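**Student:** Once you've had a glance at the structure underneath, I'll fire off some questions.
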Amino acid sequence: MSEGVRTDATELGDARRRIEKLVCDMPGADKPFSEPWEVRAFAMAVAAYHEGHYEWSEFQLSLIDSIRSWEKGDGGEPWSYYLHWLEALETTLASSGALSDSLALDERTRQVLSTPRNANHHEARREPVAISPATR
Amino acid sequence: MTANPTDTPLRTQEEIAARVKALESVLIEKGVVTTKAVDRLVEVYENEVGPQLGAKVVAKAWTDPEFKARLLADASAACRELGIGGLQGEEMVVVENTDTVQHVIVCTLCSCYPWPVLPPNWYKAPPFRARIVREPRKVLAEDFGYPLPDSVEIRVWDSSSELRYWVLPQRPAGSEHLSEEQLAELVTRDSMIGVGAPKPVVTEAAGA
Numbered sequence: 001m002s003e004g005v006r007t008d009a010t011e012l013g014d015a016r017r018r019i020e021k022l023v024c025d026m027p028g029a030d031k032p033f034s035e036p037w038e039v040r041a042f043a044m045a046v047a048a049y050h051e052g053h054y055e056w057s058e059f060q061l062s063l064i065d066s067i068r069s070w071e072k073g074d075g076g077e078p079w080s081y082y083l084h085w086l087e088a089l090e091t092t093l094a095s096s097g098a099l100s101d102s103l104a105l106d107e108r109t110r111q112v113l114s115t116p117r118n119a120n121h122h123e124a125r126r127e128p129v130a131i132s133p134a135t136r
Numbered sequence: 137m138t139a140n141p142t143d144t145p146l147r148t149q150e151e152i153a154a155r156v157k158a159l160e161s162v163l164i165e166k167g168v169v170t171t172k173a174v175d176r177l178v179e180v181y182e183n184e185v186g187p188q189l190g191a192k193v194v195a196k197a198w199t200d201p202e203f204k205a206r207l208l209a210d211a212s213a214a215c216r217e218l219g220i221g222g223l224q225g226e227e228m229v230v231v232e233n234t235d236t237v238q239h240v241i242v243c244t245l246c247s248c249y250p251w252p253v254l255p256p257n258w259y260k261a262p263p264f265r266a267r268i269v270r271e272p273r274k275v276l277a278e279d280f281g282y283p284l285p286d287s288v289e290i291r292v293w294d295s296s297s298e299l300r301y302w303v304l305p306q307r308p309a310g311s312e313h314l315s316e317e318q319l320a321e322l323v324t325r326d327s328m329i330g331v332g333a334p335k336p337v338v339t340e341a342a343g344a
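Just so you know, the protein sequences line up as chains Z and S, in that order. Residues in the first sequence are numbered from 1 upward in steps of one, following my numbering. Residues in the second sequence are numbered from 137 upward in steps of one, following my numbering.
As structure tokens, then:
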């Protein structure tokens, strides 16, 4: 990562260093995220850890378990690092008590899927919404 | 996955994305995480990772006129040529800056953005969305330190879930000798949203 040697002492700088430390062993570190949900799942795990809901080592062990299960499995699911990440996050949060109701999560997922993509949004607009003309 | 917590196999990216979204909303309700904390972490990371893809497309457009023509005609298809894309359904449209026109992108209602090339963060903030439409010239000058001459018209485009705009900035002066890879390093996220310029070319004489 290009910013790895940054030494700024700001809160953002601290956050950046903590994250870099956490992800330095991730595969494909030069391009860790290929889908929006991946960075979201990643950030959620780090945020829950920072909030003290589990030890990072617990999460790591859960992640290792998930990947190991996949390796032993029938290969039904294609490889996705962040799918294991997501599973580990759910498992870790369930065992810490922070996420006790997986049925509620299933139901919420169905709600999200059944909501149209353009819900609460306008139609596509093919003209500028504002123009500040040149004055000279 | 053999230990899927739902019994419903996680198949498509859309289904997985929905589960992540659902998980986040549950965790926020339970006070496990806050939107702000998650956004902050995402911001840190996407700034490192995401815009590089868009920068690659911009650098190619700067060096390959035929690609640029295809990009302006059909950005989604042109990005697919480079293996960039993969989201469902939305169309990407690239608008090109010139000496006389500066384009700015906003999503006036929520936070739609062309993910494959351009991650979001601050530009989904409500104050930005309202003001950039009302007084774009002032916002660029005051909020972004990017004053534009009065000879430049500013056009503000509204991204939606189906139609996602991004900006092809002008190639920096003095960059003729740079390779595509070097050019890509000049492209910033702000320049692809239209609230900043690409980085200037640093010459040795200027003390690189």
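Just so you know, even glycine gets a beta-carbon here, dropped at the ideal spot from N, CA and C. The model shown is predicted, which means the values in this text are computed figures rather than measured ones.
Ignore the nearest five residues each way along the sequence and tell me which others in Met228 (chain S)'s own chain have a CB closer than 6 Å to its CB.
**Tutor:** Position 92 of the second sequence, counted from the first residue, corresponds to residue 228 (chain S). Correct list, in chain order: Ala211, Ser212, Pro250, Arg300.
**Student:** Which partner residues does Tyr301 (chain S) have in the DSSP bridge list?
**Tutor:** Translated into positions along the second sequence, residue 301 (chain S) becomes position 165. Tyr301 (chain S) pairs with S:Val229.
**Student:** How far does the alpha helix (DSSP H) with Gln238 (chain S) in it reach, from first residue to last?
**Tutor:** For the purposes of this step, residue 238 (chain S) is taken as residue 102 along the second sequence, with counting starting at 1. Counting along the chain, Gln238 (chain S) falls outside any alpha helix (DSSP H), though it belongs to the beta strand (DSSP E) covering 237-242.
**Student:** Does chain S have any CB closer than 8 Å to the CB of Trp79 (chain Z)?
**Tutor:** By 1-based counting over the first sequence, the position of residue 79 (chain Z) is 79. For Trp79 (chain Z), not one C-beta of chain S is nearer than 8 Å to its own C-beta.
**Student:** Does the distance from the CB of Val292 (chain S) to the CB of Val240 (chain S) come in under 8 Å?
**Tutor:** Residue numbering aside, residue 292 (chain S) sits at position 156 when the second sequence is read from its first letter. Residue numbering aside, residue 240 (chain S) sits at position 104 when the second sequence is read from its first letter. Contact flag set, yes.
**Student:** Report the residue ranges of all alpha helix (DSSP H) runs contained in full by the region 33-110 of chain Z; include only those spanning at least 4 residues, in chain order.
**Tutor:** 36-50, 56-72, 81-96
**Student:** Give the straight-line distance between the Cα atoms of Ala333 (chain S) and Glu38 (chain Z), rounded to the nearest whole angstrom.
**Tutor:** For this step, residue 333 (chain S) is matched to residue 197 along the second sequence. For this step, residue 38 (chain Z) is matched to residue 38 along the first sequence. Rounded to the nearest angstrom, the two C-alpha atoms are 29 Å apart.
**Student:** Could you tell me whether any Cβ in chain Z is nearer than 8 Å to the Cβ of Leu177 (chain S)?
**Tutor:** Here residue 177 (chain S) refers to the residue found at position 41 when the second sequence is read from its first residue. Among the residues facing chain Z, Leu177 (chain S) is included, as its CB has a counterpart in that chain under 8 Å away.
**Student:** Could you tell me which chain Z residues have their CB closer than 8 Å to the CB of Thr236 (chain S), listed as they occur along the chain?
**Tutor:** As a first step, residue 236 (chain S) is located in the second sequence; it is residue number 100 there, counting from the start. Ala134, listed in chain order.
**Student:** For Ser295 (chain S), name the three-state secondary structure that DSSP assigns.
**Tutor:** If you number the second sequence from 1, residue 295 (chain S) lands on position 159. Coil at Ser295 (chain S), not helix or strand.
**Student:** Report yes if the C-beta distance between Gln238 (chain S) and Gly330 (chain S) is below 8 Å; otherwise report no.
**Tutor:** Looking up residue 238 (chain S) in the second sequence gives position 102. Looking up residue 330 (chain S) in the second sequence gives position 194. Cβ distance < 8 Å, so Gln238 (chain S) and Gly330 (chain S) count as in contact.
**Student:** Note down the Cα distance separating Glu90 (chain Z) from Arg267 (chain S), rounded to an integer number of angstroms.
**Tutor:** Position 90 of the first sequence, counted from the first residue, corresponds to residue 90 (chain Z). Position 131 of the second sequence, counted from the first residue, corresponds to residue 267 (chain S). Straight-line Cα distance between these residues: approximately 39 Å.
**Student:** Nearest by alpha-carbon distance to Thr339 (chain S): which of S:Thr171, S:Ala309, S:Val275 is it?
**Tutor:** Within the second sequence, the letter at position 203 stands for residue 339 (chain S). Closest in alpha carbon position to Thr339 (chain S), among S:Thr171, S:Ala309, S:Val275, is S:Ala309.
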